[in-house]
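In the working numbering, the protein residues as written are 324 to 469.
Idealized CB from N, CA, C, for every residue including glycine.
Data block below; observations after.
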Ligand SMILES: [Zn+2]
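As structure tokens, then:
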């Protein structure tokens, strides 16, 4: 809500203050007045109940897709759940999976002879709609010395 004070050239208010320098206040001269339509529209956006209610999600949202992607595409390849491993073998297989994953993170998309990127369609489980994905170039294992 601090932006509603800041744009009115009020940089200290009950419960907060701006973090910029006082020089910044002197540099700006076109502050909005509270009775203008522009200010009222901005206040309506900033104080929108739905948007404010979703802020908790956006400030605490943590994406896990990268970990899940690593787990499903790489780790399960090296350590399938159907087999059991001793601790050392499991540990080494995990290390191989991490090396494989990290060395193939920046793979370029697969390009055909016409210069177009290969795309493939896949149905999204969440949205139940087809989504186009770029097909990545095949993995090479040049980082492993002979
Ligand atoms: Zn301010």
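Could you say which of 362, 337, 330 lies nearest to residue 347 if we only look at CA atoms? 330
Less than 8 Å separating the Cβ of residue 400 from some heavy atom of ligand 1? Distances from the CB of residue 400 to the heavy atoms of ligand 1 are all 8 Å or more.
Is the beta carbon of residue 346 within less than 8 Å of some heavy atom of ligand 1? Remark: the shortest separation between the CB of residue 346 and any heavy atom of ligand 1 does not fall under 8 Å.
Leaving out five residues before and five after residue 393 in sequence, what residues of the same chain have Cβ atoms less than 6 Å from its Cβ? 424
Could you check whether the Cβ of residue 341 sits closer than 8 Å to any heavy atom belonging to ligand 1? The answer is yes for residue 341.
Got a sec: does ligand 1 put a non-hydrogen atom nearer than 8 Å to the Cβ of residue 424? no
Which value, in whole angstroms, describes the spacing of the CA atoms of residue 406 and residue 386? 30 Å
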